[in-house]
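Below is one structure; the comments refer to it alone.
Put into structure tokens, the structure is as follows:
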């Protein structure tokens with residue numbers, strides 16, 4: 008693992024991936040990979056997006072927003088790039104749930120569906136968890152997963168997270184309160 012840290016510009020590398028915040032010069036790469044997404048593969052996969060509103064100006068504002076969220080410790084968004092060709096593979100993000108005596112956060116992850124089944128997801132999430140514990144100083148990270156999202160469960164387990172419980176009526180989505188599996192990892 009190779010790491011650098013400049014303010015909130017944390018960068019970490021695995022054998023195949025670079026994990027770091029977006030930079031404004033990532034625009035074309037980022038846009039190309041979103042445009043290359045396959046149609047939705049299941050109900051938890053967004054598939055193709057309408058990217059017509061994602062102009063360079065919009066993207067620059069997104070990068071600025073992510074930097075402000077990191078500086079306020081509200082959220083930390085890390086994008087995943089393949090080392091061999093610098094292609095944008097996806098995103099891993101952390102939301103701060105509580106600090107003080109808790110140091111508790113939530114992880115989210117998305118890998119573009121054209122890059123599925125190559126092990127990038129678990130590699131990226133493992134490395135992002137190391138960032139969360141060592142650089143962002145979280146003690147506990149939770150993943151909140153829909154009951155029927157078997158692929159996300161497998162990814163969480165491959166990344167070293169363990170099932171803790173099922174929270175009933177936990178997240179409001181699709182106009183209803185839904186149950187979620189909670190997977191957790193604590194700092195060593």
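In my numbering, the protein residues as written are 8 to 195.
Don't be surprised by glycine CBs; every beta carbon is placed ideally from N, CA and C.
None of these values were measured; they are calculated from a predicted model.
Tell me the rounded alpha-carbon separation between residue i and residue j.
i: residue 105; j: residue 86; result: 23 Å
i: residue 182; j: residue 176; result: 12 Å
i: residue 123; j: residue 77; result: 28 Å
i: residue 49; j: residue 179; result: 20 Å
i: residue 93; j: residue 54; result: 21 Å
i: residue 11; j: residue 99; result: Here the model assigns residue 11 a pLDDT of 44, short of 50, so the residue's position is not dependable, and the following value carries that caveat. C-alpha separation (whole angstroms): 18 Å.
i: residue 74; j: residue 43; result: 26 Å
Taking C-beta to C-beta, are residue i and residue j nearer than 8 Å?
i: residue 167; j: residue 131; result: no
i: residue 152; j: residue 187; result: yes
i: residue 156; j: residue 45; result: no
i: residue 34; j: residue 56; result: no
i: residue 149; j: residue 113; result: yes
Nearest CA to the CA of residue i: which residue from the options?
i: residue 169; options: 159, 35, 178 and 176; result: 159
i: residue 109; options: 140, 121, 94 and 47; result: 140
i: residue 107; options: 80, 93, 191 and 114; result: 80
i: residue 171; options: 70, 191 and 17; result: 191
i: residue 59; options: 41, 165, 16 and 179; result: 41
i: residue 71; options: 32, 184, 165 and 121; result: 32
i: residue 47; options: 121, 164 and 184; result: 121
Going along the chain, which residues of its own chain have a beta-carbon closer than 8 Å to the beta-carbon of residue i, five neighbours each way excluded?
i: residue 162; result: 116, 128, 129 and 132
i: residue 24; result: 87, 88, 89, 90, 96, 127, 130, 131 and 134
i: residue 173; result: 154, 186, 187, 188 and 189
i: residue 37; result: 29, 66, 86 and 95
i: residue 27; result: 16, 17, 18, 19, 85, 86 and 88
i: residue 184; result: 176, 177 and 178
Excluding the 5 residues flanking residue i on each side, which residues of the same chain have their C-beta closer than 6 Å to its C-beta?
i: residue 111; result: 104, 105 and 147
i: residue 194; result: 140 and 146
i: residue 21; result: 130 and 134
Give every residue of the same chain whose Cβ lies closer than 7 Å to the Cβ of residue i, excluding the five residues on either side of it in the sequence, and list them in chain order.
i: residue 143; result: 83 and 101
i: residue 61; result: 38
i: residue 165; result: 129
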